Structure formats: structure tokens, C-alpha cells
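Numbering of the sequence shown is given in this note's numbering, commencing with residue 43 and proceeding in unit increments. Even glycine gets a Cβ: it sits at the ideal position worked out from N, Cα and C. Predicted model, so just to flag it, every value in this text is computed and none were measured.
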Amino acid sequence: MLFGGLIVGAVARLALPGPQPIGCIGTIAIGVAGGALGGLLGRGILGGPEGPLVDFAFSVLGAVLLLLGLRALAGRRRL
43 MLFGGLIVGA
53 VARLALPGPQ
63 PIGCIGTIAI
73 GVAGGALGGL
83 LGRGILGGPE
93 GPLVDFAFSV
103 LGAVLLLLGL
113 RALAGRRRL
């Protein structure tokens, strides 16, 4: 699960340009949480699992959404 979280988190970080306010452990945490969020989104939108590629895509989407939220919180804190 940690290795999968690292892969999903790394792909999500690559999908968003610019610096990310997290390190390696944060990348794993975002990837694991993004997988959970993506699973919920995928089941809600598609009604169930559709295969490993769809699961991976929704996991990355969930991680990207979490990174965007983290960026928004980090940006407000600097003000």
C-alpha cells in the first residue's frame, strides 16, 4: 500500500506544475489518501470497480484534488 501510495502521489505531483509543499512521506500520504478518495469517487460515478487502470486514474484524480487543497491551505497560511 505504501509503494502504491508513493506511485500515485508522485504521478499526482507530476501532474501539477510548480513546487509542492510536501516531502517523500507527504507524497506517500497524499497517494494513499488520494487512493481512498479516488475509490469513493469512482464508485460514486461509475457504480463499482471497472478495472485496475480506472482505479489508478481515480486514485491519481483524488490525489490531485488533495494536493490542490493542500496548496490552497499552504498559500493562505503564508499571508
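Span separating the alpha-carbon of residue i from that of residue j
i: L58; j: L112; result: 12 Å
i: I67; j: V74; result: 11 Å
i: G84; j: T69; result: 21 Å
Collapsed DSSP secondary structure at residue i in the structure displayed
i: G46; result: helix
i: L58; result: coil
i: I72; result: helix
i: I87; result: helix
i: G65; result: coil
i: G93; result: coil
Residue burial classification, residue i (beta-carbon count within 10 angstroms, cutoff 16)
i: F100; result: buried
i: A114; result: exposed
i: A54; result: buried
i: G86; result: exposed
i: L109; result: buried
i: A116; result: exposed
i: G93; result: exposed
i: L79; result: buried
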